[in-house]
Structures are given as structure tokens and as C-alpha cells.
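Structure, as C-alpha cells:
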Amino acid sequence: GSARAAGTADAALATATTSDAAGGDRDVDSGAAAAPTVVVPVRRAIVLAEENKIRQVITNLMGNAIRFTPVESPIEIRVSVDDDAERALLEIIDHGEGIPPQIREKIFQRFWRADTSRTRETGGSGLGLAIVSSIVSAHNGHVDVVETPGGGATFRVSLPLAGSSAAPQRVAQA
Numbered sequence: 001g002s003a004r005a006a007g008t009a010d011a012a013l014a015t016a017t018t019s020d021a022a023g024g025d026r027d028v029d030s031g032a033a034a035a036p037t038v039v040v041p042v043r044r045a046i047v048l049a050e051e052n053k054i055r056q057v058i059t060n061l062m063g064n065a066i067r068f069t070p071v072e073s074p075i076e077i078r079v080s081v082d083d084d085a086e087r088a089l090l091e092i093i094d095h096g097e098g099i100p101p102q103i104r105e106k107i108f109q110r111f112w113r114a115d116t117s118r119t120r121e122t123g124g125s126g127l128g129l130a131i132v133s134s135i136v137s138a139h140n141g142h143v144d145v146v147e148t149p150g151g152g153a154t155f156r157v158s159l160p161l162a163g164s165s166a167a168p169q170r171v172a173q174a
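As numbered in full-length UniProt numbering, the sequence shown has no gaps in its residue numbers, which increase by one up to the final residue, 174.
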């Protein structure tokens, strides 16, 4: 696919609605899941990316957040620009049950699933986060997860800004 500059804030994030991310799992029309709060930077975070791939990253991370977060809990999407590192930062912040420190590295491996009653109830292929990791790597980016203050998980995706030395000249196929 051809790479083109996409403003993550307006192109990809605008498409990451709760209904997209949930794949219709939650009845959004009934108000069961509030739309996520989206916080965008003062200036656009421009990254060289395949828009549909970045959309898939957001959809997978949002789907994960929705799956493990109580219906009434907020989910936040935050985009910021780290000028020093020349990177755009995308954070998906939930207030669900969180991810124990000892498994945070493993969750990005293919088919690895936390063996909890919650995971068995909610299903999932065990591929979503591996796909996220693969796409982000193909864009010279980095993804990790940290604890949300007060409980929950914050997934952080860091992508090089267009024009930075780390920006991909062309996006490798994930």
C-alpha cells in the first residue's frame, strides 16, 4: 500500500468511534457505552502512515479497552506531540481491571491470552494486540502499556512525526 501523510488527530481518530471499535458488541444506540472522550493536540500530529492500518490499531485498542472496562467507566483517546522526540503519541486510557505488571510484555505476543475468568467470558482471538504491535513496528513506532493512575490500563502508541529522521520513507507491509 502507498504511504501518505495522515493527520492522526483528524483522520484516524475521527473514525475511531466506539461502535467501530466494539464491532457492535455493545449496543451503542442504547447508550450502554458512551462515546470515548477524544483529546487532540493544539497542532496536528502528522505521521506518515497507512491510514487504514492506523485505524486498525485504534480499533483493536479501543475494542480491548471496551471489552475489559465496565460500561459506565470512561475511555479516553489522547493525542499529543512530543517535539523533543519528534513523535506523535496516541494513548487509549481505560479505567477497567488493568493489566498485571508481570504480563504486560506478553500481551503483544500472538495468541497469548491472560487466563482469567474475564477473558474467557469476553472472548477474543488473542491476535488483536499482536496485530497492533506488528503494524506499529512497520511504521517505525513503539507500543507499550502502563497502569492508569487510579486503576486501569493505558496503551501508548508512539509514531515518528512526518519529516523526522525516524519517519519511514515508505511504510513496510505489516
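Quick reminder that beta carbons are idealized off the backbone N, C-alpha and C, glycines included.
- Apart from sequence neighbours up to five positions away, the residues of its chain that approach G96 with a beta-carbon distance below 6 Å are F68, T69, G152, ordered along the chain.
- Shown here, I92 sits in a strand according to DSSP, grouped into three states.
- Counting the other Cβ atoms within 10 Å of the Cβ of E50 gives 16 or more, which makes it buried.
- Given a length threshold of 3 residues, each whole run of the beta strand (DSSP E) inside the region 45 to 110 is given here in chain order: 46 to 49, 75 to 82, 87 to 94.
- The alpha-carbon of T148 is positioned some 5 Å away from that of T154.
- Assigned with DSSP and collapsed to three states, L159 falls in strand.
- Beyond the five residues adjoining it in sequence on each side, R87 comes within less than 7 Å, by CB distance, of S158, L159, P160, L161 in the same chain, given in chain order.
- Check the Cα spacing between L61 and each of Q102, V47, R78: the tightest is with R78.
- Its Cα nearest to that of P74, the residue I66 stands out among S80, V81, I66.
- For a cut-off of 8 Å, the C-beta gap from V145 to I93 is around 11 Å, too long to register as a contact.
- Residue state for A153 is assigned as strand, using DSSP reduced to three classes.
- For T37, the enclosing beta strand (DSSP E) stretches over residues 37 to 39.
- S165 sits exposed, since fewer than 16 C-beta atoms from the chains shown fall within 10 Å of its C-beta.
- Rounded to the nearest angstrom, the Cβ distance from A138 to R110 is 15 Å, too far for a contact under 8 Å.
- Take the alpha-carbon of G141 and the one of P101: they are about 22 Å apart.
- By the Cβ neighbour-count rule, V132 is buried, with 16 or more other Cβ atoms within 10 Å of its own.
- A direct Cα-Cα distance of roughly 11 Å separates V38 from S80.
- With contacts defined by Cβ atoms closer than 8 Å, P36 and E91 do not form a contacting pair.
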